[in-house]
Amino acid sequence: MGMAGGRRRLELGFLTFVADEGSGGAGRALRDGLALVRHAEELGYDSAWVRVRHHEPYLSSPMTFFAAASQVTRRIALGTGVIPMRYEDPLRLAEDAATVDLLSGGRLELGLSNGIAPLATTLDVVHGTSARGFAGEAQHRIDVLRRAIAGEPVARAAAQYMGIPAGGDLTVTPHAPGLADRLWYGAGSEATAVRTGQQGFDLQVSTLNTEETGEPFDVVQARQIRSYRKAFADAGHAGRRDARASAGRIVLPFLSAQDAEDHRSFLDGYASGMTSDGRPTGDAPFPVRYSAALSGDPDRIVEVLKADEVVEETNGLVIVLPAEGSPEAHRRVLTAVAEHVAPHLGWTPAS
Numbered sequence: 001m002g003m004a005g006g007r008r009r010l011e012l013g014f015l016t017f018v019a020d021e022g023s024g025g026a027g028r029a030l031r032d033g034l035a036l037v038r039h040a041e042e043l044g045y046d047s048a049w050v051r052v053r054h055h056e057p058y059l060s061s062p063m064t065f066f067a068a069a070s071q072v073t074r075r076i077a078l079g080t081g082v083i084p085m086r087y088e089d090p091l092r093l094a095e096d097a098a099t100v101d102l103l104s105g106g107r108l109e110l111g112l113s114n115g116i117a118p119l120a121t122t123l124d125v126v127h128g129t130s131a132r133g134f135a136g137e138a139q140h141r142i143d144v145l146r147r148a149i150a151g152e153p154v155a156r157a158a159a160q161y162m163g164i165p166a167g168g169d170l171t172v173t174p175h176a177p178g179l180a181d182r183l184w185y186g187a188g189s190e191a192t193a194v195r196t197g198q199q200g201f202d203l204q205v206s207t208l209n210t211e212e213t214g215e216p217f218d219v220v221q222a223r224q225i226r227s228y229r230k231a232f233a234d235a236g237h238a239g240r241r242d243a244r245a246s247a248g249r250i251v252l253p254f255l256s257a258q259d260a261e262d263h264r265s266f267l268d269g270y271a272s273g274m275t276s277d278g279r280p281t282g283d284a285p286f287p288v289r290y291s292a293a294l295s296g297d298p299d300r301i302v303e304v305l306k307a308d309e310v311v312e313e314t315n316g317l318v319i320v321l322p323a324e325g326s327p328e329a330h331r332r333v334l335t336a337v338a339e340h341v342a343p344h345l346g347w348t349p350a351s
């Protein structure tokens, strides 16, 4: 568990969209994203995570971004939060992920998800339909990816192929030892958390739950983590390695009037889309509850996070940055969290 009883140091990460807001072009946005990762490493953050969004002005190719990030950093873990596997070729992703992991010295944390089902009718035009159904196809591709990354044969050569004899096993190259133990799944419900534990993956929970029980957001999410850990142990994975869980929270400390002004538009928009207890104000395609955005006085934010049942259950806290905002505003958020919030939660800077 995270910091329960002071037994384990809390790890600190951040999550960014690497947004192309149009002011400097997509190339500038990518370079600003790399600079933010370097800044976080200098502050002692343990991990840098990126959103993956297709057909929108955000990062869509995380492995190429991380290939670059691996060469301008030396320690910080590089993670995806998350790759929607329904729209990925699992063997090509396995090749790219292994390459990045080797370039980075074993720092890749590969976060996965099924994807967003309501987008299927649009994105299937590009990625093809499937008789397995949306979730079934996504889970099939996740299983193929897992086996490929683990170095298992993915096919047999139907004929002589270069140095491979007919009938020979085909495996994905390069092989990155240890990467198969750094696969995560982004779950939003207890059922998906349990499946994640059964599969032996690590667990990401973040700023939304896809189930509605009427209970507080953190209570539901903490139960998801406990159920995940039990399923992980019951499946026999605990004898091989620890079950890791991370939790994302929107945290925006204000140290000046400029900080408040920088994030006013985002906070107003975020609050207008939900009720005071996190329910969406409009129609939603599935049950959903959002976590609160924590902003303002750092001391008050610390008290809220100390009372958050999920923070006590996790190995790591991930600071979720808004999609909008200048690179400088995001740098100030990471700095303020590292200096005024995280040290009070059991985190110490990585060296």
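Residue 1 is where the sequence shown starts when you use the UniProt record's numbering, and the numbers rise one by one after that. Note that CB positions come from ideal geometry on N, CA and C, so glycine has one too.
- Note on Q221: 16 or more other CB atoms within 10 angstroms of its CB, so buried under the neighbour-count rule.
- Contact between R75 and E41 holds: their C-beta atoms lie close to 6 Å from each other, under 8 Å.
- In the DSSP secondary-structure assignment, R289 is bridged to N209.
- Fewer than three pairs of CB atoms, one per stretch, sit closer than 8 Å, so the stretch 260–278 makes no contact with the stretch 297–315.
- Between V82 and G186, the beta carbon gap of about 4 Å places them in contact (Cβ cut-off 8 Å).
- Collapsing the DSSP output to three states places E328 in a helix.
- According to DSSP, residue pairing for W347 in a beta bridge does not occur.
- No Cβ-Cβ contact shorter than 8 Å links V194 with A238.
- For Y185, the enclosing beta strand (DSSP E) begins and ends at L183 to G186.
- For G44, no beta strand (DSSP E) encloses it, and the DSSP letter there is neither H nor E.
- For the 8 Å CB-CB criterion, P90 and N114 do not form a contact.
- Distance between V172 and A180, taken at the CA atoms: about 13 Å.
- A residue is called buried when at least 16 other Cβ atoms come within 10 angstroms of its Cβ; F134 meets this threshold and is buried.
- C-alpha of G27 to C-alpha of P57: approximately 12 Å in a straight line.
- Contact check for A77 against I149 fails: the beta carbons are separated by 8 Å or more.
- A straight-line Cα-Cα distance of about 28 Å links V219 and A138.
- A contact between stretches requires three or more CB pairs, one per stretch, nearer than 8 Å, and the stretch 29–38 fails this requirement with the stretch 338–348.
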